[in-house]
Every structure is written in structure tokens, then in C-alpha cells.
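Numbering (mature numbering (1 follows the signal peptide of the UniProt record, and there is no 0)), first residue to last: -27 to -1, 1 to 881.
Ideal Cβ positions, reconstructed from N, Cα and C, are used throughout, including at glycine.
Please read these numbers as outputs of a predicted model, since none were measured by experiment.
Structure first, then comments.
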């Protein structure tokens, strides 16, 4: 190339760069005035706030609109192309202005994660002709999908995943499938959890096959098979990912899925699918899917699949994810033949299937999993040695659930050495024994509950944050012992949210170091041998929702700093040695309490009226204390006992995974349990949301039962036994329709049993014994079915089941019945006492008169007393001398034995 040509080429590039720079500068500095005005009009209809509550769009007043927050312009032309309001640090609300139509070059509009207060989806979106992406998910829109969206011929991605259609007459949305068919360039569509209506036959006839749609999510819509299959198998020939989970799909898995040649991910979990007889044999259905060349994800979890699993499933050699969890394969066997071709498998979920896993000793799996979930399969009693091949940290195993496998073996020596890299480990509900190594355990979520592990606690390091935002440690129901002071040395790059050390053999004082765990949500130290006062650092746990310290030896009064734990829902301090009065701040500051148990302590004084402020309380247990005075009538303010309230009883729930191959979330859940006296026995009751109970038994309460308790019409259990209550049983007790347990025994109730008691049809436990009740027991199938002991030691009660009938007419108060049994008994006792008194007078004074008037008898009597005194003295002296001799003989003999023993020891 000549020098002249080279100069021309350089000059051409220089001029081009200069022109591009000028164009870029012009677009950067001077945005289009018309579009700036349109954006300002758009802003005036919005309210945008950041996390501090300040205006997030305050910079939308400067000249360069292309630099405004959420606005992106074309660097060459300066036209606004993208409006993105999905930033996590702010929330946009208000209405959508039609001024958006002046943005003629807008290609992307994203309102994800905002709040438009349930407003209708604006039809103006359907006029933005150049839109390629429209995201309205999680923005609190509602209403039918506008038919004008079908005009967006260039739309590639439409996300309506969390648009609220629940307040709309969905008959207006029957044409949703037609809207989709008019979007030829649509690539991704999410209509998750929208309660979509079934597709009509007219819509089906108008549906066109799309060559662009590759991602389709119709999960959580309750769509039946007949409504979705015909449209689905015609909508796109290029679907790569299809999610139909949580619908109402029934029957066998359709063979037509095998015609979707491009499909790679198929999610059919949480439906009502079954395996047809030919599918069990492997002739069709799954066999057709197995022929697809790039099939990677198969999720059939939580359906009605049963019968033996065909070995033809191994044809899916490219599978990355296989999920069969929650089906009914009881007794079926998974062997090496089923898994031998899965060389690419990364996620295996067979949990809750009752499958029997049989592998030869020394088997080496052909896959290297990142997640393995085998919960409730049958694998024991030996610990699976083939796990070693998958636990190499270089191979990436992060999630391992081998809980409830029937393993009753000691943990192999290699296990803790291979643990590095594992984020989640669940070995609960086995009989595995072993101890922790003398080194740090690096993990985010550890559950070893209900096993036979022993020894001291190790040092935990929660330094893996890839799985979730929090860490959990559950070592309950084992045989760990010693001090729990190692918890103070937990290093936590990931905040600790759950710590359960209950039902072990720990002892001593609980260390005062909880200020390091301010994110702790659930703390359970129950059923050990801890003593001393409660650590003051518990007051720093402002996120705590569950605190259980039952079954220890904690003493002292309830510390004031517990009132800082204002998020507490579950507080169990039962079976300790706590004392003092029940503090008023329990009701004033811990207003979210759902469960409160102070059972079996030494609390005294009265029930504070402030306790009535706990309007969410479902279980109140103050039994076995020294509480006195009367029941405050304001207990009627327990709203959750007065009317049906939907409460989420899960104290702690943590989402762990949302990886590309695993769309469904894997959860760590902690469900609160409590040891309560339920139906006469003390037992763990895990489903507290189903129980509404008040237990004030074994105290010193007095007075009458307040009428206001009748308003607690959802109450299931009421125990007021072993107190000093008086008066009559509430006449309207039958209004407590949900009562299953009623115990009023060992009080001083009087009068008749209310007839309304016969209306309690759910009553299964009744005890009215040891009172002063009288009259006839009301007649009903329910009351007559109880054992007579439920009414025993009430002298005035009659009728079944105490006696066949009431043979006498009850006398009016104060007037005894003539000839009655009670009157006869009283007469006999009266004459008995009179005769006994006369006999004593005659006998005593007759003897004294004889001694006084007859001198010889008097002298003989005194001589007899002297002789008796001498005999007693001599007998005592002889007995004393005898005992002294015997003690000396025993001490001499023991000295000889001890000398002989010491001689034997010294010879060994």
C-alpha cells in the first residue's frame, strides 16, 4: 500500500472517530427535549422512595435526562430506549402516565419489584410498538391481561409472574392464549401463580404455533390437563424450558412431550400424574422423553407415581437434574442399573419416596453431584461408603440430605475430613454415633438431630455464604455433654439464625456471649442441666422469634432485658426454678407472643392484667406455680382464642437454593414444638397452630370463673384444676363449642352441672371430680360416655354414669328431705357423739372418785406408778449398754477389713 493511500485511510478513520465523538457528546449532554418533557410528565404521576424514605427521582431535574436514574439512552442517537425501575434500593408507586407514548424508541420497560397498589394493567403498554421486554412481575398490578398487548409484535420477553389477578373476574381473561399467539417474537413468558382460566375451544382454534417461544412458565394456576395439553402441544415447536408445576394435571404422562424435540427442562411436580401400565414397563411416556437428545431436567416430584421404576429411565443419559421426591414407590428398589448412565447428573432428589437403595459394596457412582436428597429412603443400617466418591470438595457437593435412612452405624473416619466444601448437611433421625473432630467444622447448615452423637462441642465456622443469607445448627436429641462455651467461638461470616442444642447432656452455666448472634431467630437450650440465672446478652437478640429453655435449673426472677426481644412468638421457660412475680412487661412489650409457658416454676402473686394485651396468644400455660388471687376477666382479649385467625406457625423458614437447574426452592424450616399437658399426659405437641389452650392448674387461684371466658369460643383445652375456685360452673360453658379438654377437678365448685355442657360434642376429656357439685348429671350421649371417676367425690351428684338414676327428689336449699339417706346418717352421728361424751364423763370421774375416797386403793395406785417408773429406767440403761458394746464391736471389725483391703491394694 502506497504512502498516499495510507494517509487517506488514517484521515478517513480520524474523521469518522471525530464524527462519532461529536454524536456521542451531543447525545450525552443534550437529551431530546421532547423526551425529557415526557419523562417529567411521567415522573409527576409516580412516587418513588429509596430505603431512607427520600425521593429517589430527585435528580430528574437536571438537563441530561440520559443520566437520570433508571433511564438509559442510545449512545449514538440519544433516544430513550430503556426504563428500568427494578432496582432493589427503591420502590415506585402511583399511576402510569400516557406520556410514555412520546418515547417512540422505548424497547425495554421494567417495573419488577414495585408497588402500584393493585391498579389495573395499563392498556398504554400495548401501544409501545418497539417494546422487546415488558416486566410487570411483583409490581402489584391486577386485572385482565389487556388484549392490546397482542399488538407488541416485537416483544421478546413478557413477565407477568406476580401480577395479581385474584381480585378480577377471570372470565374477562379467557383470551390470554390468543394474546400470546399474536406475539410472534415472544421468547420468554411467565404467568406463574395467576389463577388463569382454562383455554376455551374457540381460543384453541385460533392459536398459532410460535417459532420464537422458548421459555414458558404456567406453574401454580390449577390448570387441568384437558385445558392445557391441546394448546400446549401446538403453541411452540422450539420450547426449551416448560414449567407446569402445581396445576391439576391428571393421568399418565403424555407421549406428546416426546415430540418437543428442543425441550431440555420439564417441570411437572406437584400435580396428580400417574404412571400408566405401559409406562411402568418403559414402553412409552418416559421412554419417549428419554429419546430426546438434550433433555437435562426432569422434575416429577410430588405426584401420584407408584409401582416399580423402569430401568429405561437410564436412557436419559444427559440428565442434569432428576427429581422424583414425594411419590409412592414404597418397596421399590433403586439399583446401580438405574443410575449407571447418569454421567452428567448434578442433582438427585429421591426424598420422601420410601425407595430402597441397594448398591454393591465398593460401588463408585458415575456422577458427581452438587445436591443429593435421599430423605426417608431405605438405605441402612450401614453407612453408605459410596458417598466418599461424591464428597471430594473438588467435585462440588454442596447439599447432602441423608436424614431418616435407617442408618445405625458409627460415622466413618473419612467423613469429617471430606466435609470441606459442603454447605448443607442433614443426617437427622438416624441412629448414627460418633464425635466431632478436634478441628473447626466449616458449614452453613448442619442438622444432626435425633441421633447418638456424643462428646463435647467443636468450633463451628459459618463462613460459606453461597447457599443463603443465614446459618443454622441443630444438634438436638443426642448425647453431647460438657459445657456449651464453644458457641462463643463460632466464627460467622454468615449470620447464625438457628441454634438448637436441646435434649442433650450439657450442664453448667450458659455463657453470656449472645451479643455476637444478633440475627438469631430461634434458640432452643431445653431439656439439659443448665443452671444459674439467664444470661443478660439474651436481651441483645432483637430478632429472636423462638426461645425455649424448658427442663433446666435456671433460677431467679425473669430478667428485665428479655423485654428487648420484641419479636418473640414462642417463649417456653417451663420446668425451671424461676421465681418472683410474673412481670407486666410480658404483655406490654412481647405483644407478638403466640405461645407462653411458665409451667412448673416458683412464680407467685397475681396474673397481671397486662397479660391480656397478648391478642395473638394461642397457648397460655401458667400451671404448677404459686399464683394467687382471681382470674382477670380481660382474658377475653385473647383474639386468637375468640375467633378463627389464620396464623403461620412456622417460627423459622429459610430459602437456600435458587440455582439455574433447580427452579424449586430447597427450604430449611424450623417448626416449634412444646412439651405441654395435653389430654391428661405430658407430650410434645408439634402442631401448635391447631391447639388453643389455657392451663392455670395447680396454683392458689380463688374466686369464681369470670363470665368473660365464654367469649373464647375457639378454645380447645381449659384446665383450672387443683385451685380454690368457688361458685358455680359457668352456665354458658356450652358456648365453648371447640372444647376437647375441660378439667375443673379439685376445687370448691358447687351447684348443678350446667345443662349446656351436654352441647360440647368434641369433648373427649372431662374431669369434675373432688368438688361440691350436686343434682342430676345432664343427659347426653357425650356426658354419659365418660368414666364415673370424672364425677367422683361430689356427694350430691346422681344419675348416669355415677348411678342408674336419681331415686330421690332433691330437697330445696336449707330443708333436709324427710327420711332421706343424708338425714339418717346425720341422726346416727349425733347420737354417737352424745354417747361417747357421756361414757367419757362417767368413766373418768368414776375412777377419780374411787382413788380419792378409798385410801388403800390410792396407795396401791401410787406404788404401781413407782414400780413402772423404775422398770422403764432400768430397761433404758440396759438397752443403752448393749448398743454401746455392739457399736464398738462393729468399729473393730471394719478396721480389720480396711487394713486387709489396704494390704491387698499395696500388693497389686
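Ranked by Cα distance from residue 681, the first of 753, 704, 328 is 704. Residues 190, 192, 240 of the same chain have their beta carbon placed closer than 6 angstroms to that of residue 216, with the five preceding and five following residues left out of the count. For residue 583, the CB contacts under 6 angstroms within the same chain, skipping 5 residues up- and downstream, are 557, 560, 561 in chain order. Distances from the CA of residue 762 to each of 730, 52, 716 were compared; the closest alpha carbon is that of 716. Just measuring C-alpha positions, the residue of 443, 467, 413 sitting nearest residue 430 is 413. Going by beta carbons, residue 469 and residue 447 fall outside the 8 angstroms limit. No Cβ-Cβ contact shorter than 8 angstroms links residue 547 with residue 528. For residue 208, the uninterrupted alpha helix (DSSP H) run begins and ends at 198 to 208, by DSSP.
Closest by C-alpha distance to residue 7, out of 54, 504, 64, 76, is 76. Taken through DSSP and simplified to helix, strand or coil, residue 844 comes out as helix. Inter-segment contact for the segment 292 to 299 and the segment 265 to 276 is present: three or more beta-carbon pairs are separated by less than 8 angstroms. Secondary structure in the segment 474 to 503: no alpha helix (DSSP H) run of 4 residues or longer lies completely within the stretch. Its chain contains 97 as the residues whose beta carbon lies nearer than 7 angstroms to that of residue 71, once the 5 sequence neighbours on both sides are disregarded; these appear in chain order.
Between the alpha carbons of residue 691 and residue 573 lies a distance of about 17 angstroms. Residue state for residue 17 is assigned as helix, using DSSP reduced to three classes. By the beta-carbon neighbour count (other beta carbons within 10 angstroms, threshold 16), residue 397 is buried. Here residue 450 carries a coil assignment [DSSP, helix/strand/coil].
Within the segment 260 to 284, no alpha helix (DSSP H) run of at least 4 residues lies entirely inside it. For residue 310, the enclosing alpha helix (DSSP H) covers residues 309 to 312.
When beta bridges are read from the DSSP output, residue 589 appears opposite no residue. Under the three-state reduction of DSSP output, residue 188 falls in the strand class. Unbroken beta strand (DSSP E) stretches of 3 residues or longer found wholly inside the segment 47 to 99: 53 to 57, 63 to 67, 81 to 83, given in chain order. Check the Cα spacing between residue 589 and each of 601, 540, 598: the tightest is with 540. Around the CB of residue 310, fewer than 16 other CB atoms lie within 10 Å, so the residue is classed as exposed. About 6 angstroms separates the beta carbons of residue 603 and residue 675, which is inside the 8 angstroms limit, making them a contact pair. Between residue 353 and residue 329, the C-beta spacing is not below 8 angstroms.
Inter-residue distance for residue 99 and residue 51 is about 24 angstroms (C-alpha atoms, whole angstroms). In the three-state reduction of the DSSP assignment, residue 293 falls in the coil class, being assigned neither a helical nor a strand state.
The alpha carbon of residue 247 has as its nearest neighbour, out of 267, 568, 222, the alpha carbon of 222. Scanning its chain for C-beta atoms nearer than 6 angstroms, with the 5 sequence neighbours on each side dropped, one finds around residue 322 the residues 296, 298, 346, in chain order. As a beta-bridge residue in DSSP terms, residue 599 pairs with 577. In the displayed model, residue 518 falls within coil according to three-state DSSP, outside both helix and strand. Residue 697 has 675 as its beta-bridge partners, per DSSP. Residue environment for residue 809: exposed (fewer than 16 other C-beta atoms within 10 angstroms of its C-beta).
Taking every protein chain shown into account, the CB of residue 200 has 16 or more other CB atoms within 10 angstroms, so this residue is buried. Shown here, residue 346 sits in a strand according to DSSP, grouped into three states.
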